[in-house]
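Student:
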Amino acid sequence: MITIDKLQKSYGKLQVLDNVNTSIRTGKVTVLIGPNGSGKSTLIKCILGLVKPSSGDIKVNDVSVSSNYNYRKDIGYVPQYGHFPENLLVKDVFNLVLNLRNGTGHPSYGIDKPFDLTTELKKKIYSLSGGTRQKLSANLAFMFNPQIYICDEPTAGLDPIAARTFKQYIQQMREEDKTILLSSHVLSEVEHFADDIIFICEGRLKYNGPLTELKIQTNESTLEDSIAKLME
Amino acid sequence: MFKLINKITFYGIKDLLRSRWIIVYFIVLCMITEGMFRFSGHSLKALSGMVSVTIFLVPLISIIFATIYYYNSRNFIELMLTQPISRKSVYIGLVSGLSFSLSLCFIFAISIPVLWRFSMLSGYWNILFLLIFIGVMLTLTFICLAFWVSISNEDKGRGLGISLLLWLTMAVVYDGLVLMVVILFQDYPLEKPMIVLMFSNPIDLARVLILLKIDVSALLGYTGAVFKSFFSSNFAQITSLLSLVAWVLFPFYFSMKKFKKIDF
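As they're listed, the protein sequences go chains H and F.
Under the working numbering, the first sequence is numbered contiguously, ending at residue 234.
Under the working numbering, the second sequence is numbered contiguously, ending at residue 265.
(1) Quick check on this structure: which residue in F:A67, F:A110, F:S74 has the alpha carbon closest to the alpha carbon of I24 (chain F)?
(2) Using 9 Å as the limit for Cβ to Cβ distance, is T83 (chain F) near chain H?
(3) Can you list the residues of chain H that S74 (chain F) reaches, using a CB-CB cut of under 9 Å?
(4) F77 (chain F) and H85 (chain H): beta carbons closer than 9 Å?
(5) Looking only at DSSP bridge pairs, what is P212 (chain H) linked to?
(6) At what residue ranges does the segment 49-125 of chain H contain a whole run of the alpha helix (DSSP H), taking only runs of 4 or more?
(7) Within 9 Å (strictly less), CB to CB, does F265 (chain F) reach chain H?
(8) Thinking K137 (chain H) and A165 (chain H) are a contact (beta carbons under 8 Å), I'd like their distance in whole angstroms, please.
(9) Count the other CB atoms within 10 Å of the CB of A230 (chain H); is the residue buried (16 or more) or exposed (fewer)?
(10) At a cut-off of 8 Å, is D154 (chain H) close to the ligand PLP when judged by its beta-carbon and the heavy atoms of the ligand?
(11) Should the segment 86-94 of chain H be called in touch with the segment 5-19 of chain F, which here means at least 3 C-beta pairs below 8 Å?
(12) The alpha helix (DSSP H) that contains Q173 (chain H), what's its start and end?
(13) Taking 9 Å as the threshold (beta carbon to beta carbon), is R19 (chain F) in contact with chain H?
(14) Where does L185 (chain F) fall in DSSP's three states?
(15) Would you kindly work out how many angstroms separate the C-alpha atoms of I46 (chain H) and P60 (chain F), rounded to a whole number?
(16) Would you say K258 (chain F) reaches chain B, if we count a Cβ-Cβ gap shorter than 9 Å as a contact?
(17) Roughly how many angstroms separate the alpha carbons of S336 (chain F) and S120 (chain F), rounded to a whole number?
(18) Of all the CB atoms in chain F, is at least one closer than 9 Å to the CB of G41 (chain H)?
(19) Taking DSSP as the reference, what is the three-state secondary structure of V115 (chain F)?
(20) Contact between the segment 54-63 of chain H and the segment 216-231 of chain H: three or more CB pairs below 8 Å?
(21) Helix or strand or just coil, what does DSSP make of D205 (chain F)?
(22) Compute the Euclidean distance between the alpha carbons of G133 (chain H) and V65 (chain H), then round it to the nearest angstrom.
(23) Which residues of chain F have a Cβ atom closer than 9 Å to the Cβ of L52 (chain H), listed in chain order?
(24) Using 10 angstroms around the beta-carbon of K15 (chain H), count the other beta-carbons present and answer buried if the total reaches 16, otherwise exposed.
(25) Are P37 (chain H) and C203 (chain H) touching if we call contact CB-CB under 9 Å?
(26) Where DSSP assigns a beta bridge to D154 (chain H), which residues make up the other side?
(27) Specify the secondary structure class of S151 (chain F) as computed by DSSP and reduced to three states.
(28) Report the rounded CA-to-CA distance for F186 (chain F) versus Y12 (chain F), giving the unit in angstroms.
(29) CB-CB under 7 Å to S228 (chain H), same chain, minus the five flanking residues each way: which ones, in chain order?
(30) Along the chain, where does the alpha helix (DSSP H) containing D7 (chain H) start, and where does it finish?
(31) Does the pairing of the segment 241-254 of chain F with the segment 142-160 of chain F give three or more beta-carbon distances under 8 Å?
(32) Taking DSSP as the reference, what is the three-state secondary structure of N23 (chain H)?
(33) Starting from the C-beta of I9 (chain F), find all residues in its chain whose C-beta is less than 6 Å away, skip the five residues before and the five after it, and write them out in chain order.
(34) Along chain F, in chain order, which residues have C-beta atoms closer than 7 Å to that of K47 (chain H)?
(35) I'd like the span of the alpha helix (DSSP H) that includes I163 (chain F), first residue to last.
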């Protein structure tokens, strides 16, 4: 469970997040939606401790993220694009993350889930395509079987087949009662597995609740139409 | 915490020692050292030539390489910071990985051509060790300064510009300013303020330390004599070596403090 309480973030005069209050339910897929520059990535980075909030608090499993970094052992993060040191081998990156997690978790999925990277292990990072780097990011996040997954537009750099595999894996994680927060621009892609929707616009929450309720509230049959109606 | 720092350092070295730019740096430095010994014909002259390379080239390469390294690693730093580790561990691991790689590169590039001429260097070993020590300290100082600049500036172009300007100021402009002070206040006794000015710039401090060891202080006239008398005392030598260490520690500490606070 992630709870966000009166979260504010500003860069100088620019208010990026304005009084955000929400909670992300355990065992559900919560999809974070919003136009470009609406504050989605900032919100995700605040949860991960990469961005320090101006005020307010975030709790992950009842632990305040500002108090220590150990809460991150429960989180697997898939960034929008995978970036790694260019001259390391793929297996070096796995070993590095494995070492960084030592003592706080054990790899239970390994190097073949959700994507089979066993043939890439001895390749240098600079020789990998953008898609393979993104697959590596996903595998690193899933490697420790954490309780919470945070994915920032994870399918942006993936080909359609890989994107499908990733989505199937997300569904599998939901069945295993994992908490998933996923940001995406492609609404049709996330509609069939989203439980809850957080719609954010210019740093403010416009909608926060179950997808089914959103559809009833807007009297629309698809997520895309519902969001369009909210933006009117 | 040390185990984590060691791991980040280890993989940092593994990545950097495979970098073609580090290899180019090593080969160029090695060729310059070899050239100095081959064409000067005298070990002391070769070492004096290496002083200029160490004083100018090493800080320049260190600050530019470290600045580019930080900006290129930013996304990976973000990924590391999403793991259950402290920002302090990530920062120390990054700086030490880069410091070890560039320092090892410098030490080997200087040492390999010297090893061929083992007998020629008798009597000059102390100068060689001081040169290597100063080269390593300047490498560390300029890596930490580069991190300070890069952490404080999100824009890569701006950060690179400030780093270059910082090197230019310390390596070239500072000397001009010191000369201007000397000319403007030539009627006053300037020896003590000059010593203070030397301590305020790691490049000048390193240069004075090594030039006095090579015994070319006579070329510096009266000021050289004052420096020589000051720097020959044990107190002054320890103070100047400690100052070089302080020039590493201060930017290291302040950039770490900044690193712990910034948004990624």
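Using N, Cα and C, we set each Cβ at its ideal position, and we do this for glycine too.
Tutor: Once the coordinates are examined:
(1) To locate residue 24 (chain F), count along the second sequence from 1; it is residue 23. Residue F:A110 is the option with its Cα nearest to I24 (chain F).
(2) Locating residue 83 (chain F) in the second sequence gives position 82, where the first residue counts as 1. For T83 (chain F), the answer is yes, since a Cβ of chain H falls inside 9 Å of its Cβ.
(3) In the second sequence, residue 74 (chain F) corresponds to position 73, counting from 1. Within chain H, the residues near S74 (chain F) are H85, P87.
(4) Locating residue 77 (chain F) in the second sequence gives position 76, where the first residue counts as 1. Locating residue 85 (chain H) in the first sequence gives position 83, where the first residue counts as 1. The beta carbons of F77 (chain F) and H85 (chain H) sit closer together than 9 Å.
(5) Locating residue 212 (chain H) in the first sequence gives position 210, counting from the first residue. Its beta-bridge partners are H:D198.
(6) Counting only runs that start and end inside the segment 49-125 of chain H, the alpha helix (DSSP H) elements of at least 4 residues fall at 92-103.
(7) Within the second sequence, the letter at position 264 stands for residue 265 (chain F). Answer yes: the Cβ-Cβ gap between F265 (chain F) and chain H drops below 9 Å somewhere.
(8) Taking the first residue of the first sequence as 1, we reach residue 137 (chain H) at position 135. Taking the first residue of the first sequence as 1, we reach residue 165 (chain H) at position 163. No, K137 (chain H) and A165 (chain H) are not in contact; Cβ-Cβ is about 11 Å, not under 8 Å.
(9) The residue given as residue 230 (chain H) occupies position 228 in the first sequence. Exposed.
(10) Summarising the ligand content, the structure contains no ligands, and the ligand PLP is consequently not present.
(11) yes
(12) Position 171 of the first sequence, counting from 1, holds the residue named residue 173 (chain H). 162-177 is the extent of the alpha helix (DSSP H) around Q173 (chain H).
(13) Locating residue 19 (chain F) in the second sequence gives position 18, counting from the first residue. So yes, R19 (chain F) belongs to the interface.
(14) Stepping through the second sequence from its first residue, residue 185 (chain F) is reached at position 184. Helix at L185 (chain F).
(15) Translated into the one-based positions of the first sequence, residue 46 (chain H) becomes position 44. Translated into the one-based positions of the second sequence, residue 60 (chain F) becomes position 59. Taking the straight line joining both Cα atoms gives about 39 Å.
(16) Chain labels in this structure do not include chain B; the protein chains are H and F.
(17) Since the first and last residues shown for chain F are 2 and 265, residue 336 (chain F) lies out of range.
(18) By one-based count along the first sequence, residue 41 (chain H) stands at place 39. No, because no Cβ of chain F sits closer than 9 Å to the Cβ of G41 (chain H).
(19) By 1-based counting over the second sequence, the position of residue 115 (chain F) is 114. Residue state, collapsed to three classes: helix.
(20) no
(21) The residue you call residue 205 (chain F) lines up with position 204 of the second sequence. In this structure, D205 (chain F) counts as helix in the three-state DSSP scheme.
(22) Locating residue 133 (chain H) in the first sequence gives position 131, counting from the first residue. Locating residue 65 (chain H) in the first sequence gives position 63, counting from the first residue. Roughly 34 Å between the two C-alpha positions.
(23) Residue mapping note: residue 52 (chain H) aligns to position 50 of the first sequence, counting from 1. Per Cβ cutoff of 9 Å: E79, L82, T83, D264, F265.
(24) Reading the first sequence from its first residue, position 13 is the one you call residue 15 (chain H). K15 (chain H) sits exposed, since fewer than 16 C-beta atoms from the chains shown fall within 10 Å of its C-beta.
(25) Residue 37 (chain H) sits at position 35 when you count from the first residue of the first sequence. Residue 203 (chain H) sits at position 201 when you count from the first residue of the first sequence. Closer than 9 Å, so yes.
(26) Within the first sequence, residue 154 (chain H) is the residue found at index 152, counting from 1. Answer by DSSP bridge pairing, in chain order: H:S185.
(27) As a first step, residue 151 (chain F) is located in the second sequence; it is residue number 150 there, counting from the start. Helix.
(28) Here residue 186 (chain F) is taken as the residue at index 185 of the second sequence, counted from 1. Here residue 12 (chain F) is taken as the residue at index 11 of the second sequence, counted from 1. Each residue's Cα considered, the two are about 53 Å apart.
(29) Here residue 228 (chain H) refers to the residue found at position 226 when the first sequence is read from its first residue. Only L216, K217, T220, E222 meet the Cβ criterion.
(30) Mapped onto the first sequence, residue 7 (chain H) falls at position 5. In the DSSP assignment, D7 (chain H) falls outside any alpha helix (DSSP H) and lies within the beta strand (DSSP E) extending over 4-13.
(31) Segments in contact, yes.
(32) Counted from its first residue, the first sequence places residue 23 (chain H) at position 21. Reduced to three states, the DSSP call for N23 (chain H) is strand.
(33) Taking the first residue of the second sequence as position 1, residue 9 (chain F) is located at position 8. Excluding sequence neighbours, I9 (chain F) sits near G94.
(34) Translated into positions along the first sequence, residue 47 (chain H) becomes position 45. The answer, in chain order, is F265.
(35) Residue mapping note: residue 163 (chain F) aligns to position 162 of the second sequence, counting from 1. Element bounds for I163 (chain F): 157-169.
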